[in-house]
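Just so you know, the sequences run in chain order Z and F.
The first sequence runs 1 to 597 under UniProt numbering.
The second sequence runs 1 to 597 under UniProt numbering.
Protein chains: 2
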Amino acid sequence: MALGVLMALISYAMNFAIGRVVRAHKWLYREVGDGHLLRYLSWTVYPVALLSFSSGFSQSITPFSGGSGLPELKTMLSGVVLEDYLDIKNFGAKVVGLSCTLATGSTIFLGKVGPFVHLSVMISAYLGRVRAKTMGESQNKAKEIEMLAAAAAVGVATVFAAPFSGVLFSIEVMSSHFSVWNYWRGFFAATCGAFMFRLLAVFNSEQETITSIYKTRFRVDVPFDLPEIFFFVALGAICGVLSCVYLFCQRNFLRFIKTNRYTAKLLATSKPSYAALAALILASITYPPGVGRFMASRLSMAEHLRTLFDNNSWALMTRNSSPPWPAEPDPQNLWFEWYHPRFTIFGTLAFFLVMKFWMLILATTIPMPAGYFMPIFIIGAAAFSGAVTHTISTALLAFELTGQIVHALPVLMAVLAANVISQNCQPSFYDGTIMAKKLPYLPWIRGRKIGSHPVSVEHFMNSTLTILAKDMPLEEVIKAVTSTDVAQFPLVETRESQILVGIVERTHLVQALQTEPASWAPGQQCCLQDVLAGGCPTQPVTLQLSPETSLYQTHTLFDLLTLQTLFVTSRGRAVGSVSWVELKKAISTLINPPAPK
Amino acid sequence: MALGVLMALISYAMNFAIGRVVRAHKWLYREVGDGHLLRYLSWTVYPVALLSFSSGFSQSITPFSGGSGLPELKTMLSGVVLEDYLDIKNFGAKVVGLSCTLATGSTIFLGKVGPFVHLSVMISAYLGRVRAKTMGESQNKAKEIEMLAAAAAVGVATVFAAPFSGVLFSIEVMSSHFSVWNYWRGFFAATCGAFMFRLLAVFNSEQETITSIYKTRFRVDVPFDLPEIFFFVALGAICGVLSCVYLFCQRNFLRFIKTNRYTAKLLATSKPSYAALAALILASITYPPGVGRFMASRLSMAEHLRTLFDNNSWALMTRNSSPPWPAEPDPQNLWFEWYHPRFTIFGTLAFFLVMKFWMLILATTIPMPAGYFMPIFIIGAAAFSGAVTHTISTALLAFELTGQIVHALPVLMAVLAANVISQNCQPSFYDGTIMAKKLPYLPWIRGRKIGSHPVSVEHFMNSTLTILAKDMPLEEVIKAVTSTDVAQFPLVETRESQILVGIVERTHLVQALQTEPASWAPGQQCCLQDVLAGGCPTQPVTLQLSPETSLYQTHTLFDLLTLQTLFVTSRGRAVGSVSWVELKKAISTLINPPAPK
Numbered sequence: 001m002a003l004g005v006l007m008a009l010i011s012y013a014m015n016f017a018i019g020r021v022v023r024a025h026k027w028l029y030r031e032v033g034d035g036h037l038l039r040y041l042s043w044t045v046y047p048v049a050l051l052s053f054s055s056g057f058s059q060s061i062t063p064f065s066g067g068s069g070l071p072e073l074k075t076m077l078s079g080v081v082l083e084d085y086l087d088i089k090n091f092g093a094k095v096v097g098l099s100c101t102l103a104t105g106s107t108i109f110l111g112k113v114g115p116f117v118h119l120s121v122m123i124s125a126y127l128g129r130v131r132a133k134t135m136g137e138s139q140n141k142a143k144e145i146e147m148l149a150a151a152a153a154v155g156v157a158t159v160f161a162a163p164f165s166g167v168l169f170s171i172e173v174m175s176s177h178f179s180v181w182n183y184w185r186g187f188f189a190a191t192c193g194a195f196m197f198r199l200l201a202v203f204n205s206e207q208e209t210i211t212s213i214y215k216t217r218f219r220v221d222v223p224f225d226l227p228e229i230f231f232f233v234a235l236g237a238i239c240g241v242l243s244c245v246y247l248f249c250q251r252n253f254l255r256f257i258k259t260n261r262y263t264a265k266l267l268a269t270s271k272p273s274y275a276a277l278a279a280l281i282l283a284s285i286t287y288p289p290g291v292g293r294f295m296a297s298r299l300s301m302a303e304h305l306r307t308l309f310d311n312n313s314w315a316l317m318t319r320n321s322s323p324p325w326p327a328e329p330d331p332q333n334l335w336f337e338w339y340h341p342r343f344t345i346f347g348t349l350a351f352f353l354v355m356k357f358w359m360l361i362l363a364t365t366i367p368m369p370a371g372y373f374m375p376i377f378i379i380g381a382a383a384f385s386g387a388v389t390h391t392i393s394t395a396l397l398a399f400e401l402t403g404q405i406v407h408a409l410p411v412l413m414a415v416l417a418a419n420v421i422s423q424n425c426q427p428s429f430y431d432g433t434i435m436a437k438k439l440p441y442l443p444w445i446r447g448r449k450i451g452s453h454p455v456s457v458e459h460f461m462n463s464t465l466t467i468l469a470k471d472m473p474l475e476e477v478i479k480a481v482t483s484t485d486v487a488q489f490p491l492v493e494t495r496e497s498q499i500l501v502g503i504v505e506r507t508h509l510v511q512a513l514q515t516e517p518a519s520w521a522p523g524q525q526c527c528l529q530d531v532l533a534g535g536c537p538t539q540p541v542t543l544q545l546s547p548e549t550s551l552y553q554t555h556t557l558f559d560l561l562t563l564q565t566l567f568v569t570s571r572g573r574a575v576g577s578v579s580w581v582e583l584k585k586a587i588s589t590l591i592n593p594p595a596p597k
Numbered sequence: 001m002a003l004g005v006l007m008a009l010i011s012y013a014m015n016f017a018i019g020r021v022v023r024a025h026k027w028l029y030r031e032v033g034d035g036h037l038l039r040y041l042s043w044t045v046y047p048v049a050l051l052s053f054s055s056g057f058s059q060s061i062t063p064f065s066g067g068s069g070l071p072e073l074k075t076m077l078s079g080v081v082l083e084d085y086l087d088i089k090n091f092g093a094k095v096v097g098l099s100c101t102l103a104t105g106s107t108i109f110l111g112k113v114g115p116f117v118h119l120s121v122m123i124s125a126y127l128g129r130v131r132a133k134t135m136g137e138s139q140n141k142a143k144e145i146e147m148l149a150a151a152a153a154v155g156v157a158t159v160f161a162a163p164f165s166g167v168l169f170s171i172e173v174m175s176s177h178f179s180v181w182n183y184w185r186g187f188f189a190a191t192c193g194a195f196m197f198r199l200l201a202v203f204n205s206e207q208e209t210i211t212s213i214y215k216t217r218f219r220v221d222v223p224f225d226l227p228e229i230f231f232f233v234a235l236g237a238i239c240g241v242l243s244c245v246y247l248f249c250q251r252n253f254l255r256f257i258k259t260n261r262y263t264a265k266l267l268a269t270s271k272p273s274y275a276a277l278a279a280l281i282l283a284s285i286t287y288p289p290g291v292g293r294f295m296a297s298r299l300s301m302a303e304h305l306r307t308l309f310d311n312n313s314w315a316l317m318t319r320n321s322s323p324p325w326p327a328e329p330d331p332q333n334l335w336f337e338w339y340h341p342r343f344t345i346f347g348t349l350a351f352f353l354v355m356k357f358w359m360l361i362l363a364t365t366i367p368m369p370a371g372y373f374m375p376i377f378i379i380g381a382a383a384f385s386g387a388v389t390h391t392i393s394t395a396l397l398a399f400e401l402t403g404q405i406v407h408a409l410p411v412l413m414a415v416l417a418a419n420v421i422s423q424n425c426q427p428s429f430y431d432g433t434i435m436a437k438k439l440p441y442l443p444w445i446r447g448r449k450i451g452s453h454p455v456s457v458e459h460f461m462n463s464t465l466t467i468l469a470k471d472m473p474l475e476e477v478i479k480a481v482t483s484t485d486v487a488q489f490p491l492v493e494t495r496e497s498q499i500l501v502g503i504v505e506r507t508h509l510v511q512a513l514q515t516e517p518a519s520w521a522p523g524q525q526c527c528l529q530d531v532l533a534g535g536c537p538t539q540p541v542t543l544q545l546s547p548e549t550s551l552y553q554t555h556t557l558f559d560l561l562t563l564q565t566l567f568v569t570s571r572g573r574a575v576g577s578v579s580w581v582e583l584k585k586a587i588s589t590l591i592n593p594p595a596p597k
């Protein structure tokens, strides 16, 4: 509950602050006069300054604050430890940076879903630490991961005030399996967050009562004709194909930016300059008296969403009358922004889609806190965003946002069609980013072929173990410890038998070796047993693999239990170890077999 | 897709047939004249005959066809094998029995959700077997369980044409964790089912197009005032308390019926007589000219749902005019059935709730195929049914059924409030039935206390293993095999070392022992090693526990991997085994510690 309320407060406060900044920008743009140069400058300087500050500030505090954070969280939920990623000091950097990014409005065209999930998870980790400290409990990694899964739901729910899709979206994006316990906790926290978020809007007199954010209205009796179903599915398929194009372009452009000589140098030496440059390009294109006129660039992100959900046939409404282009967007008739007498509504919509397609790809390369879900949702709504993120709950999000669910079946069918295409052709936006950022991750085993492949642990385990035996002389122990940097050593009974009896943590062992040098008289044959007896704690081996365990089984184990390392024993003898590194290698070998030499 | 389409056809055909039977009953009741005796007989004989046939027919074919089937499926999904439960021969019994049960209409007041999940799972298991046979693949238990999880979603989706809540409800009810893969498959199958189900209604000219089943309409701008939220939550809490009362009464009445001398004897000797007796009681009470007049007993189940979702203030509408009691329900004004000039709407509603409460408990004791979700949903809608089943997705079901989602937040809060109370006080309807039916199951470990309790495998493992050693003489092997009936034996290297090297299946060993008696010349010391070399296959031990593994860890393993048995090794030596029986015992000891003697 604390998490939900806190996140709602942050979300609402951020929206409020951003609204003020955007209004100030609009005021400046309006008051600066009719001179084209001044107007152009007032339009572009704002986002350039905000983005370079956002990029510079957040990156100077922590390099972890860039991007949405969802790919990193996904790897964390799969059990990989990313040190400091959830540290509360990243919080300020992310909040300030994200506010600046969002304050640029639709010029840069970015959202806040991903960063809010990251913020929510940071707060939850912090609350967990505080709780553990006050209750005097030790921290529990499994519990922590459970908390994270619930926190992710809160992040989505407090952005859209949509608890159902918040929970489902976070589940689909973040993990490959989840427990029903987390799901309930997620629902509770997300409901608290969404309720608080909407309650604040009521208290601030923005709303009369708690309703959906983007209200629209459809006919209940005959919301659509039966043959329209076909067009829904076709639209879904088109969105699926386009999402593949988008994912392909996005991944390769990111790679290009990172490998191209000039951009790579610029990114390495001065991230704010790169951000400023990109912002200048994006802002110049969206300059309303210029090309921006044809892509409704004066609308904010929220207004874009409102026109998306506006249930009016614009084409019919403009057939006989041609509304004038107002001096500034008319809140009652936002869709006027989309109309141009010569281009017609369809022209501006098509132009908008084409331009935003590559502009969004450019915007995603800027190293600063920003979310990429909202722009994708505006461009292609439920089916496109579902295909890009490989999720189905975007359909539910559309229902919760609009308060209308009569199109449940056709929308779901469109999203499924889009997902079938994109999941078969491209990794999801988040998986693609994980690969591009070279984050550690455990690939999924897809399809029957690999599942039934007779690869077992003995084929891929790490068999060059540094084993500590109880009867090892101390010199050998020290040599073994210094020769490697693994965090855990398998402990065996004797050098001869190699029977695994426990695990020694590197830190404990080093501590014990450093604190007890006095008793090791030279000449006296001191062995590891003495160190262990002297107070170095060992851990029991609670789970062991066999060389015969199949790859599929091992993968399931690691995936379900979010394990770090397991030791492999054969007839009690320690013969190897498996971590996600070995697993990943084994799986990629299966997927892309090495070329025969 | 095949599963979805098949289930939709079955669901639609069953609805159609039931509709005809119900109409025939109505016709008979109308045409029989005004004589009270004849009317009473025509009202009661129908359900009595149908129920005794349903009970007798289905029980004569298979004892598994009774009840909803969800509790049994839940235990199956947790890894316990219930032989023959998914056999296709149960299918006919369940379909015919269920049709008869449902044809009694609201007299007996039962639904079809649970049995449809069971039917869907049966078909899916059958399709899986057909697929495996045609593809020449061997059956895979993990794959089978995945199929079952998806099939459960189809069952719910084809009853309510609600794919989202179908998937979520089946997840919440059936398993304690699930993989996102199953979730996607479930969505696909459920969407196919729901689409087909609604398409049939369009083709049959019942509907103009595909819409929600129970259409209603709320104001979009101000669906409710903010303070009403409090009453939503209060209503949820009341539903939570009532659900506890219901669950408590239901479980104890079931126990009473099974232990009471007369009813137990009746149930054991003649289930149809018991069904007929119960049907006679229920039908007599609902006789419309009698007490049934005050509980809208002339409405069918679907009509009950329609009046539930009817967005009209009945109290206001009846303030000035008192509608007459029509000769039969008026399809345009179904709510007239709820009105009585003296009782008023509130009187009949209260009477209905009180009467149906215990009548439903009586109806659940009848041994025949029937679902108990629908009546619970009619009595208390989302919050009550969510509390009784311990699920949250009933909220989503209400939205999908009505095509209205503007009340998302308050309904979700009511359901959460109801769930908090019922989950803390009572096992869910399904868990309660599992306990009452004494089905095998793995209890959940709830709360931190037990999770962090220092109980480890050595405290509860079964340490009286029947171990087979490779150097065991054959007489000893035979003695060991005949002395116990376990399905698997741990195989150790030598009697002295006890190092675990593999697993021998009982069936394989018995076969090998029976087929090779010729070579065992008397006097010649033949040992197990020879049998194994002679062709008895052994399986590798792919996963081992240690005596130090904690109860919590072991529980997580069994729960996530749906395991049957794991062997425990200490320094390579086989020292014990753990199955869900030991686990269950250990957990119940923790929850209810034995009284000190």
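Even glycine gets a Cβ: it sits at the ideal position worked out from N, Cα and C.
Where residue i meets chain F, residues with beta-carbon distance less than 8 angstroms
| i | result |
| --- | --- |
| Z/S179 | S176, H177 |
| Z/Q544 | L543, Q544, S546, T569 |
In DSSP terms, what residue i is bridged to
| i | result |
| --- | --- |
| F/H177 | Z/S179 |
| F/F489 | F/V504 |
| F/A574 | F/T569 |
| Z/A469 | Z/V492 |
| F/I499 | F/R573 |
| F/S456 | F/S550 |
Under 7 angstroms from the C-beta of residue i: neighbouring residues of chain F
| i | result |
| --- | --- |
| Z/G403 | V220, I405, V406 |
| Z/E146 | Correct list: empty, because the minimum Cβ distance to chain F is about 11 angstroms. |
Own chain partners of residue i with C-beta closer than 6 angstroms, once the 5 adjacent residues on each side are dropped
| i | result |
| --- | --- |
| Z/C100 | L50, F53, S54 |
| F/L551 | V455, A586 |
Own chain partners of residue i with C-beta closer than 8 angstroms, once the 5 adjacent residues on each side are dropped
| i | result |
| --- | --- |
| F/W358 | C249 |
| Z/S570 | S546, P547 |
| F/I392 | L168, E172, G386, L412, V415, L416, N419 |
Outcome for residue i when other beta-carbon atoms lying within 10 angstroms are tallied against a minimum of 16
| i | result |
| --- | --- |
| F/Q539 | exposed |
| residue 661 of chain F | Because chain F here runs from 1 to 597, residue 661 of chain F falls outside it and cannot be looked at. |
| F/T482 | exposed |
| F/H390 | buried |
| Z/P367 | buried |
heavy atom of the ligand MN below 7 angstroms from residue i C-beta
| i | result |
| --- | --- |
| Z/F53 | Of the ligands one can find in the structure shown there are none, so the ligand MN has no counterpart to examine. |
Sequence-distant residues of the same chain with beta carbon closer than 7 angstroms to residue i, five excluded per side
| i | result |
| --- | --- |
| F/P341 | S322 |
| Z/K94 | S58, S65, P115, H118, L119, P369 |
Contact residues within the region 124-138 of chain F, judged by C-beta distance below 7 angstroms to chain Z: Close to chain Z, meaning a Cβ-Cβ distance shorter than 7 angstroms, is no residue of the region 124-138 of chain F at all.
Contacting positions in the region 549-577 of chain Z - beta carbon closer than 8 angstroms to chain F: Within the region 549-577 of chain Z, the residues whose Cβ lies closer than 8 angstroms to some Cβ of chain F are T549, S550, Q553, T556, L557, L560, L561, T569, R571, G572, R573, listed in chain order.
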